[in-house]
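Novice: One gets our numbering by counting positions in the sequence shown from 1 and adding 1 to each.
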Amino acid sequence: MNDMDVSRIEVLSYLQQMLGEMHWMAHSANYPMLAYFIKMAHIESEDTIRAEREAMSGLQERDGTA
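#1: Assuming H28 and H43 form a contact by the criterion Cβ under 8 Å, report the distance between their Cβ atoms to the nearest whole angstrom.
#2: Within 7 Å: the Cβ of A30 and any heavy atom of the ligand PLP?
#3: CB-CB under 7 Å to L16, same chain, minus the five flanking residues each way: which ones, in chain order?
#4: What three-state label does DSSP hand Y15 in the structure shown?
#5: Taking Cβ to Cβ, would you say L20 is nearer than 8 Å to I50?
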């Protein structure tokens, strides 16, 4: 895992956290459609983090650096 990989995961993690908070805010303020779309972005960020980590793990195993 190089610095660029770590940075990408850090950015995704930050976005995921902020999206979670924005979802709660939109839901609490009774903006259901906005809350829905933010939740979809939150789920996408989770899936992207998982895919990035799996890709990095696969590269490390292939390169013998795991």
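Note that CB positions come from ideal geometry on N, CA and C, so glycine has one too.
Specialist: Quick look at the numbers:
#1: H28 to H43, Cβ: 12 Å. No contact.
#2: In terms of ligand content, the structure shown is empty, and the ligand PLP therefore cannot be addressed.
#3: S46
#4: helix
#5: Inclusion of L20 and I50 in the CB contact set at 8 Å is not warranted, their separation being larger than that value.
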